[in-house]
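Novice: In order, the protein sequence lines correspond to chains U and F. Mapping the first sequence onto the working numbering, position 464 (from 1) lands on 464, and the numbers just tick up by one. Mapping the second sequence onto the working numbering, position 425 (from 1) lands on 425, and the numbers just tick up by one. No residue lacks a Cβ here, since even glycine has one placed at the ideal position from N, Cα and C.
2 protein chains.
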Amino acid sequence: MKDTGQWPSEYPRLRELLAEIEDLSIALAILDWDEQTQMPSSGAQARADQKATLEKTIHAKTTDPQIARLLESLMPFEESLPPDADERGLLRMARRQYYLATCLPEKLVTDFSRARSRAFRDWLSAREKKDFGAYLDSFQVILDYSIKVGEALRQGQGQPLEGLLDYSEPGMTLEVMERIFGELKESLTPLVKTISDRLDTIDDRILYEEYDLKRQWDIGLQGVDAIGFRLDEGRADQSVHPFSTYFSPRDVRITTRMDPHDFGMSFFAFLHEAGHGHYMQGIPEAYRRSPLAEGASAGMHESQSRTWENLVGRSRGFWRHFYPKVRQTFPEHLADFPEEDWYRAVNRVQPSLIRVEADEVTYNLHIMIRYELEKSLHAGALAPRDLAAAWNAKFKEYLGIEPQNDLEGVLQDIHWTGMVGAAFQSYTLGNVMAVQLYDAAVRQNPQLEEAFERGDFSGLLAWTRENVHAHGTKFFPQELIQRATGQELTTAPFLAYIHRKFGALYDL
Amino acid sequence: MKDTGQWPSEYPRLRELLAEIEDLSIALAILDWDEQTQMPSSGAQARADQKATLEKTIHAKTTDPQIARLLESLMPFEESLPPDADERGLLRMARRQYYLATCLPEKLVTDFSRARSRAFRDWLSAREKKDFGAYLDSFQVILDYSIKVGEALRQGQGQPLEGLLDYSEPGMTLEVMERIFGELKESLTPLVKTISDRLDTIDDRILYEEYDLKRQWDIGLQGVDAIGFRLDEGRADQSVHPFSTYFSPRDVRITTRMDPHDFGMSFFAFLHEAGHGHYMQGIPEAYRRSPLAEGASAGMHESQSRTWENLVGRSRGFWRHFYPKVRQTFPEHLADFPEEDWYRAVNRVQPSLIRVEADEVTYNLHIMIRYELEKSLHAGALAPRDLAAAWNAKFKEYLGIEPQNDLEGVLQDIHWTGMVGAAFQSYTLGNVMAVQLYDAAVRQNPQLEEAFERGDFSGLLAWTRENVHAHGTKFFPQELIQRATGQELTTAPFLAYIHRKFGALYDL
């Protein structure tokens with residue numbers, strides 16, 4: 001991305017316009033981070049106004065007809081570039097960004113932003129009451145806007161839900177999603193059933209003793225540091241729902257949430273968000289202030305978080321290295337508790353109610369439930385007032401358990417305060433892509449996994465830096481997978497991993 | 001500000017445009033707060049870009065020709081309104097805002113913003129080296145931009161410095177400033193000399209023992225709470241330089257800085273910033289998202305901070321109520337230390353190097369030094385490379401002491417990373433106005449001061465809410481003083497207060 005002296009004059013002009021859009025988008029992300037981690041709740045109304053105005057301003061700049069003119073006049077330049085040229089990727093993303101923004105009328109953008117801020121507050125208050133009824137009105141509004149957005153994105157071609165899917169996963173189709181969920185369902189459903197009959201094989205009660213919050217925080221930060229996330233070029237905070245956010249490759253922030261009676265909640269959320277953080281810290285400085293400075297998709301982002309949360313954070317090698325530190329931090333719980341039992345505990349399979357605490361085997365069923373509900377809501381086959389009951393029924397059907405209240409049910413995720421239909425499938429794609437990428441990394445560096453035991457995770461990080469992070473949005477996710485692994489997107493590595501690992505743990 | 005049904009249609013249209021400007025200005029303030037309290041230093045370059053783009057965007061919206069057209073067509077409406085109508089004040093401020101913004105070319109605004117971000121970083125790093133030389137280049141740039149801004153504001157009428165003065169103190173002239181400094185100098189210089197001969201009258205060593213930082217933080221928050229600042233509708237944090245900021249009347253944030261060997265540093269900075277915070281928490285909700293939602297001027301703002309820091313926070317009444325709490329918090333220091341000696345200690349006069357720690361008697365000499373230096377810099381009579389030496393010489397001349405290094409000298413204030421000539425005089429105006437307002441409050445509520453001893457500061461807060469805060473920027477500062485006190489701006493109450501209080505303390 002250095003000035004080669006060969007750029008047409010329109011190119012730097014376009015970059016400057018795009019840089020301003022990026023700057024304002026990051027300003028919006030800063031307002032959002034502040035809202036979730038620092039702001040007093042009394043500041044919410046004003047913050048909603050501020051965010052709505054910023055979104056409106058970003059929308060106006062994103063839809064500036066100058067951009068369309070520059071993109072058009074840069075067409076011959078774009079076509080002259082090799083397929084993997086940064087400039088080519090940038091121009092493709094700029095065109096996509098312009099298209100996505102011009103589909104949406106300005107008023108829709110502004111009204112939806114306000115509605116989301118209101119929905120977020122209502123959701124928080126409904127959570128306190130553990131009652132979806134208190135969120136119903138806002139949810140209906142969010143659903144209506146989601147359908148409107150999906151319609152605008154598709155412009156009459158196909159279902160609104162497909163517009164939302166392509167929005168978060170460039171190039172993804174409903175057909176591919178159906179295939180992936182089909183393969184997972186076929187392979188995982190019998191496995192979950194089998195394991196459900198022998199849940200007592202693993203005892204994880206040790207994780208739910210009372211762990212001092214201050215020390216939980218400290219050991220979580222140590223874990224984040226151990227896997228190489230640069231805390232000195234970022235921050236860690238607490239929030240209701242853990243998240244990570246990017247203000248520059250050298251200012252990446254992660255959050256977790258804490259529970260004194262659940263060691264894993266904060267620890268694995270920390271590793272998860274640090275995995276997202278790795279991606280953002282690996283974005284090349286030269287991509288900053290351009291549409292390239294993001295992850296390839298929500299699913300690709302999730303693949304990085306799941307890599308560090310699960311493939312590393314729940315591996316034998318990681319705990320060989322890290323368990324002594326946890327034991328030292330909590331001697332009153334762990335002085336006599338064996339490492340192997342700890343490794344088994346953090347991998348226990350248990351059909352459960354809360355997605356973010358679900359194990360690797362059942363997790364995709366949580367997603368399937370949401371995906372199926374979203375399809376029904378979009379199709380009008382399910383009314384929002386029936387959503388909580390439908391949620392509970394599906395949990396009973398797939399996992400054999402039912403929420404006691406809406407807080408541990410339909411109110412658990414923040415996502416439905418933002419959009420209905422655009423988010424959840426990316427989690428499953430992330431799980432699938434994570435293992436496909438990880439297998440390729442190990443194939444190319446067979447010593448990589450052994451190093452975990454010595455606390456050395458640099459081999460894996462370097463491989464993902466080079467093969468994933470360094471490309472930003474230059475390639476669509478399925479292209480990136482093909483380039484990094486030499487194969488098309490496939491569920492085979494994920495399913496093989498699950499059957500291998502949990503087959504061993506449950507003596508199947 | 002309710003919809004009376006009598007507004008011309010241009011009025012709500014103008015308000016919407018102004019609301020967006022306010023929203024974006026607050027977004028900028030949020031980025032700035034984050035930069036100073038939360039951001040890792042590695043995020044600075046990107047933050048400078050983000051702020052520059054936001055400032056450019058705000059500038060473009062502020063100079064939107066639509067605003068000029070709307071203002072022009074609203075002229076007859078404006079003239080039909082009574083002088084104290086909210087709408088009239090709003091239109092006057094909108095016109096002023098438009099004028100100030102259109103004086104400044106967009107490129108000047110953007111370049112200056114980037115320069116300020118760079119200067120802030122260089123200043124931090126020069127502070128570490130305690131060497132103004134490391135900041136000299138950036139300072140020269142800031143001075144050049146300040147002169148350019150002053151020139152643009154004046155448009156050839158008078159000196160650039162006068163443009164900067166009117167910028168922070170609407171309606172203020174250099175002539176009035178010279179008169180005020182003249183009166184203060186005449187009355188205070190002999191007093192400082194007299195007291196300097198008897199510095200031993202008061203012993204304040206108790207304040208410089210080692211106070212645990214955690215407990216300092218807690219007692220500071222208690223103090224802030226005691227004077228009525230709503231911490232639940234704001235926040236308190238630490239930063240290099242204490243400041244306060246407004247995101248809405250219900251999201252007001254203050255900061256302090258801490259030193260284990262200086263009890264007063266954090267405690268009085270807390271009260272000072274909470275005084276600013278009072279002003280912002282007192283802005284009417286109806287003024288939000290309009291140019292009325294600010295303090296009348298920097299000096300008027302300072303009058304509120306000084307009221308709570310000094311007129312309350314260093315009063316006998318306050319300490320009658322609050323000293324037992326401090327004693328209870330630090331029994332190892334204060335169990336046997338008398339209240340009267342504590343009151344005397346926090347009021348000790350001592351010619352010192354650091355402005356923000358200066359006592360009420362010498363404080364205005366600190367300001368006078370900066371004001372005189374700024375005049376010389378603007379006039380070209382003093383070169384930036386000679387500034388540190390000139391600073392030190394003036395300290396020797398006025399206060400009889402000299403900094404040992406630039407950190408306790410010319411590098412101590414953040415202000416010269418922003419503008420040279422626009423800020424310091426407002427501190428003195430604040431001191432003067434604070435006492436004039438306070439005297440009026442006590443005149444109208446003679447019981448007000450006695451209530452301090454019972455921890456009841458609500459009488460003073462209510463009076464300032466009604467007579468100062470509730471008006472936002474509706475009146476220029478000198479109009480506000482006239483309305484609130486029935487008198488023109490005068491140094492007489494301030495000087496009488498100083499001579500009365502310190503005459504008693506020093507047996508003069």
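1) Which residues of chain F have a Cβ atom closer than 7 Å to the Cβ of LEU31(U), listed in chain order?
2) Below 6 Å CB to CB, which residues in the same chain sit around HIS272(U) once its five sequence neighbours on both sides are set aside?
3) Evaluate ALA119(U) with the Cβ neighbour count: other Cβ atoms within 10 Å of its Cβ, from every protein chain shown; 16 or more gives buried, anything less gives exposed.
4) Which residues in the same chain as PRO384(U) place their Cβ atom closer than 8 Å to its Cβ, once the five residues preceding and following it in sequence are excluded?
5) Whose Cβ in chain F lies nearer than 7 Å to the Cβ of GLY234(U)?
6) Does the distance from the CB of PRO284(U) to the CB of TYR211(U) come in under 8 Å?
7) May I ask you to list the residues that DSSP assigns as paired with SER248(F)?
8) Using the C-alpha atoms, what's the distance from SER187(U) back to THR362(U)?
9) Could you work out which residue in PRO105(U), ARG88(U), GLU453(U) is closest to GLU55(U) when comparing CA atoms only?
10) Please go through the same chain and pick out, in chain order, the residues whose beta-carbon is closer than 6 Å to the beta-carbon of TYR287(U), but skip the five residues on each side of it.
11) Restricting to Cα atoms, I'd like to know which of LEU81(F), SER41(F), SER168(F), ALA496(F) is closest to GLY234(U).
12) Measure from the alpha carbon of PHE502(U) to the alpha carbon of each residue in VAL326(U), VAL109(U), ARG314(U), then state which is nearest.
13) Taking CB distances under 8 Å as the criterion, tell me whether ALA46(U) reaches chain F.
14) Am I right that LEU311(U) and VAL432(U) are in contact with their C-beta atoms under 8 Å? What's the rounded C-beta distance?
15) Give the residues from the stretch 272 to 306 of chain F that approach chain U closer than 8 Å (Cβ to any Cβ), ordered along the chain.
16) State yes or no: is the beta carbon of PHE77(U) nearer than 8 Å to at least one beta carbon in chain F?
17) From the DSSP output, in three-state form, read off ASP232(F) for me.
18) How about THR57(F): is its C-beta nearer than 8 Å to some C-beta of chain U?
19) LYS61(U): buried (16+ other C-beta within 10 angstroms of its C-beta) or exposed?
20) What is the residue span of the alpha helix (DSSP H) that GLU273(F) lies within?
21) Look up ASP86(F) in the DSSP assignment and say whether it is helix, strand or coil.
22) Please say whether THR464(U) and HIS276(U) have beta carbons closer to each other than 8 Å?
23) Taking Cβ positions only, does ASP34(U) come closer than 8 Å to chain F?
24) Please state if the CB of HIS59(U) and the CB of ALA512(U) are separated by a distance shorter than 8 Å.
25) Residues of chain F with a CB under 7 Å from the CB of GLN50(U): which are they?
26) Taking just the CA atoms, how far does ARG205(F) sit from PHE181(F)?
27) PRO477(F) lies in the alpha helix (DSSP H); which residues open and close that run?
28) Beta-carbon within less than 7 Å of GLU402(U)'s beta-carbon, same chain only, minus the 5 sequence neighbours each way: which residues are those?
29) Going straight from the alpha carbon of TRP533(F) to that of ASP32(F), what length do you get?
30) Are MET300(U) and LEU480(U) touching if we call contact CB-CB under 8 Å?
31) Does the beta-carbon of PRO65(U) have 16 or more other beta-carbons within 10 angstroms, so that it is buried, or is it exposed?
32) For chain U, find out if any of its Cβ atoms is closer than 8 Å to the Cβ of GLU128(F); answer yes or no.
33) Among ARG344(U), PHE268(U), GLU10(U), whose alpha-carbon lies nearest the alpha-carbon of ALA506(U)?
34) To test your reading of the DSSP string, which unbroken beta strand (DSSP E) runs of 3 or more residues are found completely within the stretch 374 to 404 of chain F?
35) Starting from the Cα of ASP237(F), find the closest Cα among ARG250(F), PRO249(F), PHE263(F), ALA269(F) and give me that residue.
36) Is there at least one Cβ from chain U nearer than 8 Å to GLY430(F)'s Cβ?
Specialist: Let's see:
1) ALA27, ILE30
2) SER305, GLU309
3) buried
4) LEU136, PHE139, GLN140, LEU143, LEU377
5) PRO40
6) no
7) ASP251(F)
8) 12 Å
9) PRO105(U)
10) ALA293, GLY472
11) SER41(F)
12) ARG314(U)
13) yes
14) That belief does not hold up - the Cβ atoms of LEU311(U) and VAL432(U) are roughly 12 Å apart, past 8 Å.
15) ARG288, ARG289
16) no
17) helix
18) yes
19) buried
20) 263 to 281
21) helix
22) no
23) yes
24) Residue 512(U) falls outside the range modelled here, since chain U spans only 1 to 508, and no answer is possible.
25) ASP23, ILE26, ALA27
26) 32 Å
27) 477 to 485
28) ASN392, PHE395, LYS396
29) One cannot answer for residue 533(F) here, as it falls past the ends of chain F, which runs 1 to 508.
30) yes
31) exposed
32) no
33) For the sequence presented, residue 506(U) should be read as Tyr rather than Ala. Nearest of ARG344(U), PHE268(U), GLU10(U) to TYR506(U), Cα basis: ARG344(U).
34) none
35) ALA269(F)
36) no
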